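Residue numbers (my numbering): 80 to 529.
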């Protein structure tokens, strides 16, 4: 083998991209190999045979293959074809000393609170997002893994639209489930897409002191934040959350019994506009008084024994109308009286996990996850009050709410109450949903009539 290597080294085949074509047309001279007799070792004969075969293949390739030339486009020349590079998104330069434009994700009617928080706590400009469209979820889905839960895709689509509208800062919550991890991953995805922004991710300071929260807001949004004003307005924001949720509870209870079509929806739009204009605690209280009074004065026709349905489920999907395809409106149009315990007031401001778990001790012995205890406690409460049905909402693949389903089935058997299980992903459409809701309503209405 040493002799063969020496022979190859004496006459190497040289190729050069700059060599003239005539030189490349010359045939490669064959290399004589030493013939080995039967007395030579088997390993040496096998190696010689393999070397001869490779030489033959190399000669054929060199003699028949066209000379490969690689050319690069001139500067400024546009690349075309399947190998053209994808143009990089042009990143606009930000003025780091200008007033920041801050955007939140879409989450039910809580954009009113988000606006108040940005303008009166962070002292920045709020980027209001329009009503979501099908394009919103499609944008988020295109940049997400197929198997991530639907809220991730909804939120990512919201952020993309916000950045296109000129947002400088995106806000992400800490969360009771994987929502707490979404901020970092979504930030990475958006930066890879070429967007330039700051991410105010409260998950990074979860469990830390108030000073850490304030420092994060100063660093990401406004270094001149007023601590006194910020704390006072943050308390006002909490009051706004409680007010919005109390109003919505009354709305869901009465709107299905309206006698003038659209009257409750018009009243709610007026109330929301009034709340958006609030700039302090006094404004919030006054808007709440006017809104509740307006609802209570609207004409309604409430049956002696109305059909009552309780809504339970996952933190995001059960609350956000865009995520559950406006399920509440569909039931209200059927004349149903709705109740929903899941909201920010009950889950965040007044939440008491030990008390809730004690109320369902026959079904739950430990914390099953972020919204599981509330889902089970609310379902049991509705069943004990003689509700006609329960609807369980979750995003596809939501593990905590999947764990709730066997427990809810036990409650259904124990209290003889029907439960409709609905799971949403980015492909869910109104058509199949409407059919299931109508069938569920017909079933509970017939049971009630018996």
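Note that the Cβ used here is the ideal one computed from N, Cα and C, for glycine as well.
Keep in mind the model is a prediction, meaning the values are calculated, not measured.
Residue i - partner residues in DSSP beta bridges
i	result
residue 471	391 and 500
residue 249	182 and 278
residue 205	181
residue 337	379
residue 419	390
Residue i to residue j span [Cα, whole Å]
i	j	result
residue 479	residue 509	25 Å
residue 233	residue 306	33 Å
residue 523	residue 386	8 Å
residue 528	residue 248	54 Å
residue 266	residue 378	48 Å
residue 449	residue 255	5 Å
residue 283	residue 483	29 Å
residue 391	residue 471	5 Å
residue 197	residue 280	14 Å
residue 253	residue 424	16 Å
residue 346	residue 413	19 Å
residue 261	residue 498	31 Å
residue 468	residue 315	36 Å
residue 150	residue 217	In this prediction, residue 150 scores a pLDDT of 49, lower than 50, which makes its location untrustworthy; the coordinate-derived value is nonetheless stated afterwards. Their backbone Cα atoms lie some 39 Å apart in a straight line.
residue 422	residue 477	18 Å
residue 292	residue 519	46 Å
residue 358	residue 502	38 Å
residue 237	residue 436	35 Å
residue 335	residue 383	14 Å
residue 431	residue 453	10 Å
residue 521	residue 465	18 Å
residue 199	residue 221	35 Å
residue 45	residue 434	Any question about residue 45 goes unanswered here, given that the chain covers just 80 to 529.
residue 365	residue 308	20 Å
residue 455	residue 486	7 Å
residue 211	residue 276	21 Å
residue 374	residue 405	21 Å
residue 500	residue 257	22 Å
residue 294	residue 209	31 Å
residue 426	residue 395	11 Å
residue 369	residue 363	10 Å
Assumed close pair residue i, residue j - CB separation to whole angstroms, cut-off 8 Å
i	j	result
residue 269	residue 242	7 Å
residue 332	residue 416	6 Å
residue 235	residue 219	4 Å
residue 459	residue 393	About 18 Å; that fails the 8 Å criterion.
residue 451	residue 229	Actually they do not touch by this definition, with Cβ atoms about 18 Å apart.
residue 329	residue 371	7 Å
residue 296	residue 201	6 Å
residue 300	residue 181	6 Å
residue 376	residue 326	Contact doesn't hold; Cβ gap of about 14 Å is too wide.
residue 409	residue 513	7 Å
Assigned exposure category for residue i - 16 Cβ within 10 Å defines buried
i	result
residue 428	exposed
residue 388	buried
residue 356	exposed
residue 515	exposed
residue 226	exposed
residue 361	exposed
residue 447	buried
residue 324	buried
residue 341	exposed
residue 403	buried
residue 287	exposed
residue 214	exposed
residue 251	buried
residue 407	buried
residue 95	Note on residue 95: pLDDT 46, under 50, position unreliable in the model; the coordinate value appears next. Exposed, since its Cβ has fewer than 16 Cβ neighbours within 10 Å.
residue 525	exposed
residue 224	exposed
residue 272	exposed
residue 289	exposed
residue 506	exposed
residue 517	exposed
residue 339	exposed
State whether the segment 180-193 contacts the segment 313-322, with contact taken as three or more CB pairs (one from each stretch) at a distance under 8 Å.
yes
Are at least three pairs of beta-carbons, each pair with one atom in the segment 175-186 and one in the segment 244-262, less than 8 Å apart?
yes
Counting beta carbon pairs with one atom in the segment 437-447 and one in the segment 479-491, are three or more of them shorter than 8 Å?
yes
Answer yes if the segment 181-188 comes into contact with the segment 391-407, meaning at least three C-beta pairs across the two stretches below 8 Å, and no otherwise.
yes
Evaluate contact between the segment 300-314 and the segment 343-354, counting only Cβ atoms and requiring at least three cross-stretch pairs below 8 Å.
no
Evaluate contact between the segment 202-213 and the segment 406-420, counting only Cβ atoms and requiring at least three cross-stretch pairs below 8 Å.
no
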